[in-house]
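Each residue of the sequence shown is one higher than the one before, starting from 35 at the first, in the working numbering.
Yeah, the Cβ is synthetic: ideal placement off N, Cα and C, and Gly gets one too.
Treat the numbers as computed from the prediction; the structure is a model and nothing was measured.
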Amino acid sequence: MSARCTLCPRRCGTARDSAHFGFCGVGARAVVCRAAAHFGEEPCISGTRGSGAVFFAGCNLRCVFCQNHAISRGGAGQEADTAALRDIFLRLRDQGVHNLNLVTPTHFSNVIAEALAGLELGIPVVWNSSGYESVEQLRQLEGLVQVYMPDLKYADRALAKRYSGAEDYPETALAALTEMYRQTGPFVLDEAGLLQRGVLVRHLILPGAAENSLRVMDLVEDHLPPRHILFSLMSQYTPMPGTERFCELGRRITWEEFARCRSYLDFSELKYGFYQEPDSAGAEMIPAFDGTGVCPPEKDKAPLRL
Numbered sequence: 035m036s037a038r039c040t041l042c043p044r045r046c047g048t049a050r051d052s053a054h055f056g057f058c059g060v061g062a063r064a065v066v067c068r069a070a071a072h073f074g075e076e077p078c079i080s081g082t083r084g085s086g087a088v089f090f091a092g093c094n095l096r097c098v099f100c101q102n103h104a105i106s107r108g109g110a111g112q113e114a115d116t117a118a119l120r121d122i123f124l125r126l127r128d129q130g131v132h133n134l135n136l137v138t139p140t141h142f143s144n145v146i147a148e149a150l151a152g153l154e155l156g157i158p159v160v161w162n163s164s165g166y167e168s169v170e171q172l173r174q175l176e177g178l179v180q181v182y183m184p185d186l187k188y189a190d191r192a193l194a195k196r197y198s199g200a201e202d203y204p205e206t207a208l209a210a211l212t213e214m215y216r217q218t219g220p221f222v223l224d225e226a227g228l229l230q231r232g233v234l235v236r237h238l239i240l241p242g243a244a245e246n247s248l249r250v251m252d253l254v255e256d257h258l259p260p261r262h263i264l265f266s267l268m269s270q271y272t273p274m275p276g277t278e279r280f281c282e283l284g285r286r287i288t289w290e291e292f293a294r295c296r297s298y299l300d301f302s303e304l305k306y307g308f309y310q311e312p313d314s315a316g317a318e319m320i321p322a323f324d325g326t327g328v329c330p331p332e333k334d335k336a337p338l339r340l
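Shown next as structure tokens:
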């Protein structure tokens, strides 16, 4: 990437290359940490054969509570050019997964768009992101992505600033979600209940922040067609290393916090989607970022970049 990077809403201005990393913690070439069937997504994504999850290193949001912190801050991974990405995508498809699930892809959107262009996968491509994306970069993906699965983390600007250093998150993510829906239209499930097209909005309840969760549901209900999208209320928050200076994040959510959010969801217009019980939380849900599936089988022992 020769020009100074303005790809995402951070617009950090770094000339990203092998020696210069952006706010996202990585250079211009995609860095992949794991590519394998994943069963930890919503039922309409994981199905019975798993979702073909490609986990990218780095992140343009870098939340203090990130459960993938081992890679989201630019940790170990294998660099992949366009040809290598295509090979990864096709190998996952050939394993029989239900979809290609691109996890934390925002900061590589231009590289991924190039890899997907002209590629006949025969399965939906899922864009699994933080929601902190620009409309311009999402338009690069039109026709290449069938399912958008963004987070909508915050309606509260103060929380967005405190935990993600992105005070503009609510309005930026809402604009991104609006663009995603423009591209896909109403959600479409096949006869097996698997999502083939559409938008699935995810929201993680944070400890002490139930009011933020209620306002997130309001945002979705007020600005998107609530019966044409899927909404997933997640209760899996688990305290992670690095949150020690945020004492309120040092616990899981309570049943009372969950019940308040669940009740609000039940009475909202968000009639289609999913929710998690609080006892679903746990670090065991985090996959091993050990390079599985990144290289062809005969090269699986290639060292990871540190």
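Boundaries of the alpha helix (DSSP H) in which residue i is found, first to last residue
i: F99; result: Note, F99: premise wrong, no alpha helix (DSSP H); not H, not E.
i: V328; result: Careful: V328 lies outside any alpha helix (DSSP H) and carries neither H nor E.
i: V179; result: Where V179 is concerned, there is no enclosing alpha helix (DSSP H), given that its DSSP letter is neither H nor E.
i: Y215; result: Y203 to T218
i: R68; result: Taken as a continuous stretch (DSSP letters only), R68 belongs to no alpha helix (DSSP H), being part of the beta strand (DSSP E) at A64 to H72.
i: I320; result: Unbroken run through I320: none, as it is neither H nor E.
i: H257; result: A244 to H257
i: H103; result: H103 to S106
i: P77; result: P77 to S80
i: C295; result: W289 to D300
i: A189; result: Element bounds for A189: n/a, residue is neither H nor E.
For residue j and residue i, believed in contact at Cβ under 8 Å, the rounded distance
i: A244; j: R294; result: 5 Å
i: G92; j: A71; result: At roughly 23 Å, the Cβ-Cβ gap does not stay under 8 Å, so G92 and A71 are not in contact.
i: P43; j: D185; result: Between D185 and P43 the Cβ distance is about 14 Å, and since that is not below 8 Å, they are no contact.
i: Y215; j: I263; result: 7 Å
i: G165; j: A210; result: 6 Å
i: A53; j: R38; result: No, A53 and R38 are not in contact; Cβ-Cβ is about 14 Å, not under 8 Å.
i: E303; j: R261; result: 7 Å
i: G307; j: F265; result: 4 Å
i: L134; j: R125; result: L134 to R125, Cβ: 11 Å. No contact.
Residues that residue i bridges to, as DSSP identifies them
i: P184; result: S163
i: M274; result: Paired residue(s): none; M274 is not in a bridge.
i: N135; result: A87 and V160
i: L267; result: H237 and Y309
i: L223; result: L229
Closest residue to residue i among the options (Cα-Cα distance)
i: T40; options: R286, V66 and N144; result: N144
i: P241; options: Y298, R261, T272 and N135; result: T272
i: L150; options: G130, G177, H132 and V137; result: G177
i: D115; options: F323, V254, N102 and R63; result: R63
i: C58; options: L126, V160, R107 and I79; result: R107
i: A118; options: V66, V169, N135 and A87; result: V66
i: C329; options: T48, D121, F292 and L95; result: D121
i: G86; options: V159, F55 and G61; result: V159
i: F55; options: E76, H141 and G130; result: H141
i: E76; options: L126, S269 and C100; result: S269
i: R286; options: P139, R96 and I239; result: I239
i: E167; options: N94, L229 and A104; result: N94
i: A189; options: E205, G130, G276 and G227; result: E205
i: E282; options: C78, R196, R45 and N135; result: R196
i: L208; options: D128, R236 and E225; result: R236
i: S297; options: S80, E170, L248 and P139; result: L248
i: T326; options: N133, G111 and E255; result: G111
i: T138; options: Q129, H103, F308 and E148; result: H103
i: V169; options: F99, E213 and E113; result: E213
i: F323; options: E311, V88 and A192; result: V88
i: L153; options: L175, S163, N162 and Q171; result: L175
i: M183; options: G232, Y309, G47 and E290; result: G232
Endpoints, the beta strand (DSSP E) within which residue i is located
i: H237; result: L229 to L238
i: F123; result: Run containing F123: none in the beta strand (DSSP E); it sits in the alpha helix (DSSP H), T116 to D128.
i: L153; result: Unbroken run through L153: none, as it is neither H nor E.
i: F308; result: G307 to Y309
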